[in-house]
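Peer 1: Let me begin by handing over the structure; questions about it come next.
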Amino acid sequence: MAAQRKTHREILDGLWHPFTREEIERYAAKGFFHNITVCDCLDRNADLRPDRLAVAGENKGLAWRELREKTNRVAIHLLKMGIGNGDFFVLQLPNVVEFLVLYFALNRIGAIPVMCLPRHRRMEIDHELRVHQAKGICVPVGEKFDYVAMIEELRPRHEQLEVLLTIGGEGPRGWKAVEELLQEPAEKDYPKNYLYRFRPDPNDICIEQLSGGSTGVPKGIPRTHNDYICGWDFVGRTAGYTDDSVGLVTIPVAHNASMENICGPVIYRGGSMVLCNSPRPENSFQMIEKYKVTHTLIVPVLVLYWKDAFDIARKYDLSSFRVLASGGQKSRPEVVEWCIDTFGVNFVNTFGMAEGPQITTRWDSPKDVQMYTVGRPIIEDPEVEVKLVDDQNREVKRGEVGELVVRGPLNFRGYFKAEEENRLAFDRDGFFHTGDLMSLREDGCYVVEGRKKDTILRGGENVYPERVEDQLKSHPKVAYCAAVGMPDMVLGEKMCAVVQPVKGKEVDFQEIVYYLKDKGMAVFQLPERIEIVSGWPLTPVNKIDKRRLRAYVTTKLYQEKVIDKDIGDEYLKKDKVTIDDVLSGRIKIDFTGKPA
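My numbering applies: residue 463 is where the sequence shown begins, and numbers increase by one.
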C-alpha cells in the first residue's frame, strides 16, 4: 500500500496559489487537465517506445527506457541525500542530457526544480536560494564561468542548502558529480515499484519557472503537472508535433520557451529531443542532418542569422525539417516570408509567457497570418478567456491597442511568495494582466504592439516603441536598435532611439529621423534623441534590457542638466531604480552584450 503523502497545496500552504478544486474538476471535464504527471509521460514512453531516442546531446543519447532507468537511479540517490516531497532544488545547467535526467528525477519524488539560466549570476542565484529555501543545487564545471566558486561564496548565507551537485566533472569537497551517481546502481537495494509511493499529485508543482527579471530579480512562477502538460498537448497540436517528431533545442533548455514549446510536446507524444549548446546556425544545421530534426523554436534574430547562413545550409541534408517556430520578440515579415518561400519550411509565429498565456499561429496558417500576426490562443474555448483592455480595465474595440489579460487552465495563479506583485498582476476577477500590448484584427488574429511598461506617453499621446523599432530594423546601417522613453520637463516623456550601427557604418540622428519620416511615421512617434552604442545591456534571457537603457539615458540627461534629479528619480520609479543607483555603480549598465 502506498504511503500517505501530502500535496504541495498542504506543504506550501500560503506560499503559492494553486488552482481551486472546482477549477480542476471543470478543466478536467473539458479535457484540458489530463490528471497525469510529468513522470507518467516518461513511463508511458518507456513502456510503449523503449528503444526510441528520447534525448541526445552533442556527445551522448538516451532511449526512453534508458532515460527512465537513469531517472529512477538519480531519484533514489536524491532521496538518500535528504531531498523529498515539496523541496526546491535549483538547476543551473547548460543544454546537456543530464538536465533531463535531473528534471525527471526531482519530479519522480515530488521535489520542485527551479529553472535558473546559465546567464544568472550571484544576485539572481542568491535570491532564488533564499526565496525558495532550496535544499539542493546542480551547476556545471569546466565552463568559462566558475559556478562552483559562486555557490561556495553564497553557501554561508544558506544553511538549508545541503545537496551540492556538479555536471561535467568533480567539484571540491562536499560536492558530488551527477556522473558518479549514475554509475552507482542505488536501485538494486529497493523493490522495483519503490518509487511509486512518491508519485506527486497532478496538481502539485512540476516546475518553478522564473520571470525574465526585467524589473529586478526573477520572480518564481509555479506551474503544476496539469496546467503544464495541458500546454504541452496544445502547443504540440498547433505546431504539428507527432510521436515521430524530433525537436531541436538551441536556446537554454531550462527556459520556458524550450520546456513548453519543444521538450514538452516531445515528452507528451514520445518523440525525441536534441540539445545543442551553441546557437550558431551551422551547429543547428549539423544537428538537423544528424538526427533528422523536424521542429525547433528560436528567437527572431537567430532566424535572421539562419537567413544569412543560407549558403552554408545548402551543404546539409535538411529534408527532415518541417517547422520553424519563433518567439520572444516580434518577427520581421520579410524574414517570415523568406522562411516559407525560400527556406521551404512551415513557420509558427508565437507569443508565450512562462506564466502560461500562449497565442500562436498554426503550422499551416496562411502566409499573411504568419507574417503579420501571432495568430490565435492555442485553446479556443470559453474556458480560455482572452481580452484586450485599456487602463480602466475596459475591453477595447477590434483594431485598437489594449493590454492582454487572460484567465483559464493554461495560466498560473500567482507568483511564489510575492503577494505585492500578485496584487499588481491580477485583477479582482482573477485575470492575469500580462503587461503586453496587442491589437485584434477582424480575422481574430492578434498583433503584438509592445510592452505596456515600454509605452511612451508623450504629451498625452501614446507612442509604441515596437512600431518604431520595426522600422529602424529595416535601415541598412542598423544592426540592432531599441526605442525607450526618457523624462521631459515639458511633455512628460519623449523617445530615445538607441542604435548599434552595422560594423564599419555610421549613422546619425538626422538620418534616422528622415528615414522614419519616409516610412510614414507620425511626427509625435519620432525619436527626439539618439544614443549610438557598440553593444547592449542584456536581461538574463539575452534580450535588450530596456530597464537599464532607461536608467542610462535618464542619468545622462541629469548629468547634462536637461532634467532635475527628482524628475529623473520619479520617472525611474517604475523600474525600481534611482539616478544614484547608476552613478554609484549599484546597478551595472554594461554595453558589451550581443542580443539573442
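Don't be surprised by glycine CBs; every beta carbon is placed ideally from N, CA and C.
Answer yes if the region 557–565 comes into contact with the region 647–662, meaning at least three C-beta pairs across the two stretches below 8 Å, and no otherwise.
Peer 2: Not touching, per the Cβ criterion.
Peer 1: What residue does the beta strand (DSSP E) around Gly912 start on, and which one ends it?
Peer 2: Counting along the chain, the beta strand (DSSP E) containing Gly912 begins and ends at Tyr908 to Arg913.
Peer 1: Can Leu510 and Ala516 be called in contact, C-beta distance under 8 Å?
Peer 2: It is not a contact, given that the beta carbons lie outside the stated cut-off.
Peer 1: Hey, is the region 814–821 in contact with the region 869–885, meaning 3+ C-beta pairs nearer than 8 Å?
Peer 2: Short answer: they touch.
Peer 1: In the structure shown, what three-state DSSP assignment does Cys725 receive?
Peer 2: The answer is helix: DSSP assigns Cys725 an H, G or I state.
Peer 1: With a CB to CB cut of under 7 Å and the five nearest residues on each side skipped, what residues in its chain are close to Pro580?
Peer 2: Excluding positions up to five away in sequence, the list reads Gln554, Pro556 and Pro714.
Peer 1: Measuring alpha carbon to alpha carbon, tell me which of Ser1046, Gln987 and Lys1056 ends up nearest Asp1007.
Peer 2: Selected option, being the one with the closest Cα: Lys1056.
Peer 1: Under 8 Å, do Val1015 and Val946 count as touching if we go by C-beta distance?
Peer 2: Contact: yes.
Peer 1: What three-state label does DSSP hand Thr756 in the structure shown?
Peer 2: Thr756 falls in the coil class under three-state DSSP.
Peer 1: So, are the CB atoms of Arg1009 and Asp1037 less than 8 Å apart?
Peer 2: Yes; because the gap between Cβ atoms is below 8 Å, this pair is in contact.
Peer 1: Just the C-alpha distance for Arg1012 and Lys1018, rounded to the nearest angstrom, thanks.
Peer 2: Cα to Cα, Arg1012 sits roughly 10 Å from Lys1018.
Peer 1: Exposed or buried, what is Phe551 when buried is set at 16 or more other beta-carbons lying within 10 Å of its beta-carbon?
Peer 2: By the 10 Å Cβ count, Phe551 comes out buried.
Peer 1: Pick out whichever of Phe1053, Leu902, Gly892 and Asp505 has its Cα sitting closest to the Cα of Asn1004.
Peer 2: Comparing Cα positions, the closest option is Phe1053.
Peer 1: Just how far apart, CA to CA, sit Asp889 and Ile486?
Peer 2: C-alpha separation (whole angstroms): 21 Å.
Peer 1: Quick check on the DSSP output: the beta strand (DSSP E) that includes His895 runs from which residue to which?
Peer 2: First-last of the beta strand (DSSP E) with His895: Phe894 to Leu902.
Peer 1: I need the DSSP call for Thr677, collapsed to helix, strand or coil.
Peer 2: Any reading at Thr677 needs caution, since the residue's pLDDT is 45, under 50, leaving its predicted position unreliable; the model's value is listed next. In this structure, Thr677 counts as coil in the three-state DSSP scheme.
Peer 1: Roughly how many angstroms separate the alpha carbons of Glu955 and Lys1035, rounded to a whole number?
Peer 2: Answer to the nearest angstrom: the Cα atoms are 14 Å apart.
Peer 1: Exposed or buried, Asn521, counting other C-beta atoms within 10 Å across all chains shown (16 or more means buried)?
Peer 2: Its Cβ having fewer than 16 others within 10 Å, Asn521 is exposed.
Peer 1: Any chance the region 888–902 sits against the region 956–975, with 3 or more Cβ pairs inside 8 Å?
Peer 2: Taking 8 Å as the limit for Cβ pairs, the verdict is that the region 956–975 does not touch the region 888–902.
Peer 1: Go ahead and pull the three-state DSSP assignment for Asp689.
Peer 2: Residue state, collapsed to three classes: helix.
Peer 1: Under the three-state reduction of DSSP, which class applies to Trp526: helix, strand or coil?
Peer 2: Helix.
Peer 1: Would you kindly work out how many angstroms separate the C-alpha atoms of Leu627 and Val603, rounded to a whole number?
Peer 2: Their backbone Cα atoms lie some 10 Å apart in a straight line.
Peer 1: Using a 10 Å radius around the Cβ and a threshold of 16 neighbouring Cβ atoms, would you call Met951 buried or exposed?
Peer 2: The residue in question, Met951, is exposed, as its Cβ has fewer than 16 Cβ neighbours within 10 Å.
Peer 1: Val868 and Val848: beta carbons closer than 8 Å?
Peer 2: Contact: yes.
Peer 1: Can you tell me the Cα-Cα spacing of Gln466 and Leu710, whole angstroms?
Peer 2: Between Gln466 and Leu710, the C-alpha separation is close to 40 Å.
Peer 1: Give every residue of the same chain whose Cβ lies closer than 6 Å to the Cβ of Gly790, excluding the five residues on either side of it in the sequence, and list them in chain order.
Peer 2: Counting only Cβ-Cβ distances below 6 Å, and skipping sequence neighbours, we find Val761.
Peer 1: Tell me the DSSP secondary structure of Thr1040 in three-state form.
Peer 2: Note: Thr1040 maps to coil in three-state DSSP.
Peer 1: Where do the N-terminal and C-terminal ends of the alpha helix (DSSP H) with Gln820 fall, by residue?
Peer 2: First-last for Gln820: Gln820 to Thr822, but that is the beta strand (DSSP E), not the alpha helix (DSSP H).
Peer 1: Excluding the 5 residues preceding and the 5 following Lys492 in the sequence, name in chain order all residues of the same chain whose CB lies nearer than 8 Å to its CB.
Peer 2: Within the same chain, Lys492 has close Cβ partners Asp843, Glu845 and Pro871.
Peer 1: Just how far apart, CA to CA, sit Leu912 and Pro927?
Peer 2: A small correction: the amino acid at residue 912 is Gly; Leu does not occupy that position in the sequence shown. When rounded, the distance between both Cα atoms is 7 Å.
Peer 1: As a quick exercise: from His479, Arg885, Lys981 and Gly732, pick the residue whose alpha carbon is nearest that of Arg506.
Peer 2: Checking every option, the nearest Cα to that of Arg506 belongs to Gly732.
Peer 1: Classify Met735 as helix, strand or coil using the three-state DSSP reduction.
Peer 2: The answer is strand: DSSP assigns Met735 an E or B state.
Peer 1: Compare the C-alpha of Asp803 against each of Pro828, Pro938 and Leu623 and name the closest.
Peer 2: Answer by Cα proximity: Pro828.
Peer 1: Are the CB atoms of Val930 and Phe986 within a distance shorter than 8 Å?
Peer 2: Their beta carbons are not under 8 Å apart, which means Phe986 does not touch Val930 by this criterion.
Peer 1: Counting pairs of beta carbons, one from the region 590–602 and one from the region 626–646, are three or more of them closer than 8 Å?
Peer 2: The region 590–602, when compared against the region 626–646, does touch it at the 8 Å Cβ threshold.
Peer 1: Mind listing, in chain order, the continuous alpha helix (DSSP H) runs of no fewer than 4 residues lying wholly within the region 464–548?
Peer 2: Qualifying alpha helix (DSSP H) stretches, in chain order: 470–473, 483–491, 500–510 and 526–543.
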